[in-house]
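Chains as they are written, first to last, in this note's numbering: chain A, 1 to 219; chain B, 220 to 450.
Don't be surprised by glycine CBs; every beta carbon is placed ideally from N, CA and C.
The structure appears right after this line, and notes come after that.
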Amino acid sequence: MLNKEQIAQRIAKEVQNGQYINLGIGIPTLVANYIPKNLDVVLQSENGLLGIGPFPKESEVDPDLINAGKQTITMVPGSVLFNSAESFAMIRGGHVHLTILGAMEVSENGDIANWKIPGKMVKGMGGAMDLVASAENIIVAMQHCSKDGQSKLLPECTLPITGIRCVKKIVSDLAVLEISPEGGFILKERAPGVSVEEIQTKTAGKLIIDGPVPEMSFN
Amino acid sequence: MINKTVSGAKEAVADIPNNAFLMMGGFGLSGIPENCISALLEKDIKGLTIVSNNAGVDDFGIGLLLKKRMVKKMISSYVGENAEFERQLLSGELEVELIPQGTLAERVRAGGAGIPAFFTPAGVGTEVAEGKEIREFDGKLYLMERWLKADFAIVKAWKGDTAGNLIFKGTARNFNPIMAAAGKITIAEVEELVPAGALDPNEIHTPGIYVQRIFQGENYEKRIEQRTISK
Numbered sequence: 001m002l003n004k005e006q007i008a009q010r011i012a013k014e015v016q017n018g019q020y021i022n023l024g025i026g027i028p029t030l031v032a033n034y035i036p037k038n039l040d041v042v043l044q045s046e047n048g049l050l051g052i053g054p055f056p057k058e059s060e061v062d063p064d065l066i067n068a069g070k071q072t073i074t075m076v077p078g079s080v081l082f083n084s085a086e087s088f089a090m091i092r093g094g095h096v097h098l099t100i101l102g103a104m105e106v107s108e109n110g111d112i113a114n115w116k117i118p119g120k121m122v123k124g125m126g127g128a129m130d131l132v133a134s135a136e137n138i139i140v141a142m143q144h145c146s147k148d149g150q151s152k153l154l155p156e157c158t159l160p161i162t163g164i165r166c167v168k169k170i171v172s173d174l175a176v177l178e179i180s181p182e183g184g185f186i187l188k189e190r191a192p193g194v195s196v197e198e199i200q201t202k203t204a205g206k207l208i209i210d211g212p213v214p215e216m217s218f219n
Numbered sequence: 220m221i222n223k224t225v226s227g228a229k230e231a232v233a234d235i236p237n238n239a240f241l242m243m244g245g246f247g248l249s250g251i252p253e254n255c256i257s258a259l260l261e262k263d264i265k266g267l268t269i270v271s272n273n274a275g276v277d278d279f280g281i282g283l284l285l286k287k288r289m290v291k292k293m294i295s296s297y298v299g300e301n302a303e304f305e306r307q308l309l310s311g312e313l314e315v316e317l318i319p320q321g322t323l324a325e326r327v328r329a330g331g332a333g334i335p336a337f338f339t340p341a342g343v344g345t346e347v348a349e350g351k352e353i354r355e356f357d358g359k360l361y362l363m364e365r366w367l368k369a370d371f372a373i374v375k376a377w378k379g380d381t382a383g384n385l386i387f388k389g390t391a392r393n394f395n396p397i398m399a400a401a402g403k404i405t406i407a408e409v410e411e412l413v414p415a416g417a418l419d420p421n422e423i424h425t426p427g428i429y430v431q432r433i434f435q436g437e438n439y440e441k442r443i444e445q446r447t448i449s450k
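In structure tokens form, the structure reads like this:
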């Protein structure tokens, strides 16, 4: 089973040179730490920045410079700042190539739910609905099962949907899976020490196994 | 140049009445109009509707207005990190309209730009789409969303001049420029107020035409929600 850092590390392998990338809150934010140094990519923060840099040193902290998770950040050379309408114009306009975000549930046709648990938790969708409705390539970072062992990869989402038929790939603590255009989770890789049988047991939606399933590598 | 200067926050918000429809700039606690929020707290008004991406935290920003029960309705995209807000919402004391952040930004922009409606893909197939017109363009589905305009837009800038021209700093810009344009009356509080002509016209983000009142704020706390340091 992968821990959060390892999920982030595996997702970082999906990043390609020249991409503009939006990283969601939580595990997706950690992906930035594992993007190979030889790749030129730009990280977008939907509150109005292209060019997120590392977290600041104590002496560099600036309350006027935060990411979408409200964490203090720095800017890399060549950064640009803009307002919220411009930020989402570049998202909806398809200029951001890759979106990585978390999910509470994903369905076998690529629907995602991550913004609301009726009666329990109402935090809001933030920019997630705009991002999933627009991005070409959406990768989800998530736990395969809930804390009480229920699968979060489902035939259909039970929670309120954030976007329909949008997820392309999932990296969970157990596996890497792709969404088939015809519906179903195609098992591509398994976490070290995790068997195909275990992934099958813990995937409530349709799991497609096509040939041998290699163990993931991180480099 | 037309002089937009007022004496301070108290004068700037003096005529905001009960049940006013407000916009407030800021993302999280970054770029929020701290001085105007404090001045509103001193007023005996209620029933406010506030458009703001977030709702502050329990003891700062819009959270203070919520705690004093001055707010009837929030129109926001993300309201986590505020226990009092969540309590009022789940108990039905507070009305909340949650809107995708890009839709919120574009509705505000459209309000300022005189565009009554537009189509966006955000929210198609979700509860956000309920009751809204859906149309297909080039094989993809889009929702119709309406503009948003406010009785008063309250924004915070880094620098401003007496003509109402504004410059923002860092990610404190966020919703401030688009809200400035969407207010019938726009109040701008700035960290540094200079005479008209002292700002380089090339560097101005918000033209003064959108701003009716401006003043230099004081004692900015600029609280940080998630102080995160490199190890």
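Problem - Cβ neighbours of A/K169 in the same chain (closer than 6 Å, five flanking residues each side left out) - result: I139 and E178
Problem - Distance, B/I281 Cα to A/Q71 Cα - result: 19 Å
Handout entry: Segments assigned alpha helix (DSSP H), at least 4 residues, entirely inside the stretch 2-58 of chain A
Key = 4-12 and 27-31
Practice task
Can you have a look at A/Q6 and say buried or exposed, based on whether 16 or more other CB atoms are within 10 angstroms of its CB?
Solution key: buried
Exercise for the section: Given a cut-off of 9 Å, decide if A/H97 and A/Y34 are closer than it, judged by their beta-carbon atoms. Expected result: no
Exercise for the section: Give me the Cβ distance between B/A407 and B/W366, rounded to the nearest whole Å; I'm assuming they're in contact under 8 Å. Expected result: Not quite, the Cβ-Cβ distance comes to about 21 Å (not below 8 Å), so this is no contact.
Handout entry: Straight-line Cα distance separating B/E305 from B/I448
Key = 29 Å
Problem - CB of B/A376 within 9 Å of CB of B/A401, strictly - result: no
Handout entry: Alpha carbon of B/N238 to alpha carbon of B/V290, nearest angstrom
Key = 9 Å
Handout entry: DSSP state of B/K361 mapped onto helix, strand, coil
Key = Position check: residue 361 of chain B holds Tyr in this sequence, whereas Lys was assumed. If DSSP states are grouped into helix, strand and coil, B/Y361 belongs with the strands.
Practice task
For chain A, find out if any of its Cβ atoms is closer than 9 Å to the Cβ of B/L260; answer yes or no.
Solution key: no
Exercise for the section: Go ahead and pull the three-state DSSP assignment for B/I256. Expected result: helix
Practice task
Let me know the beta strand (DSSP E) ranges lying completely inside the stretch 102-177 of chain A, each 3 residues or longer, listed in chain order.
Solution key: 105-107, 137-142 and 169-172
Handout entry: Cutoff 9 Å: A/L50 Cβ touching any chain B Cβ
Key = no
Handout entry: Closest by C-alpha distance to A/M216, when choosing among A/R190, A/K202 and A/T201
Key = A/R190
Practice task
Take the Cβ of B/D263 as the centre, count every other Cβ of all protein chains shown within 10 Å, and call the residue buried at 16 or more, exposed below.
Solution key: exposed
Problem - Any C-beta of chain B under 9 Å from that of A/I164 - result: yes
Handout entry: Integer-rounded CB distance, given that A/L65 should sit under 8 Å from A/I73
Key = 6 Å
Practice task
With a 10 Å radius around its C-beta and 16 neighbouring C-beta atoms as the bar for buried, classify B/F356 as buried or exposed.
Solution key: exposed
Handout entry: Under 7 Å from the C-beta of B/Y429: neighbouring residues of chain A
Key = Residues of chain A passing the Cβ test: none, with the nearest at roughly 13 Å.
Handout entry: Supposed contact pair A/T99 and A/A135 - C-beta distance, whole angstroms, cut 8 Å
Key = 4 Å
Practice task
Report yes or no: do the stretch 43-57 of chain A and the stretch 389-403 of chain B share at least 3 C-beta pairs separated by less than 8 Å?
Solution key: yes
Exercise for the section: Using a Cβ-Cβ cut-off of less than 8 Å, give me the residues of the stretch 389-412 of chain B that come near chain A, in sequence order. Expected result: G389, T390, A391, R392, N393, F394, N395, P396 and I397
Problem - Exposed unless 16 or more other CB atoms sit within 10 angstroms - verdict on B/Y439 - result: exposed
Exercise for the section: Classify A/M90 as helix, strand or coil using the three-state DSSP reduction. Expected result: helix
Handout entry: Short Cβ contact (9 Å threshold) for B/T339 with A/A133
Key = yes
Exercise for the section: Determine, using beta carbons only, whether B/G321 and A/M129 come nearer to each other than 9 Å. Expected result: yes
Problem - Cross-chain neighbours of A/S134 in chain B, by beta carbon under 7 Å - result: P340
Practice task
Examine chain A for any beta-carbon lying closer than 9 Å to the beta-carbon of B/G321, and answer yes or no.
Solution key: yes
Problem - 9 Å Cβ cutoff, A/E58 in contact with chain B - result: yes
Practice task
Give the interface partners of A/K123 over in chain B, defined as CB-CB distance under 7 Å, in chain order.
Solution key: Y297, V298 and G299
Problem - Min CB distance A/Q71 to chain B below 9 Å - result: yes
Practice task
List the endpoints of the continuous alpha helix (DSSP H) containing B/L285.
Solution key: I281 to K286
Practice task
Quick one: residues in its chain with C-beta nearer than 7 Å to the C-beta of B/L323, no 5 flanking neighbours on either side, listed in chain order?
Solution key: N272 and S296
Handout entry: Where the beta strand (DSSP E) through B/M242 begins and ends
Key = F240 to M243
Practice task
Please confirm whether B/Y429 and B/G383 have their CB atoms less than 9 Å apart.
Solution key: yes
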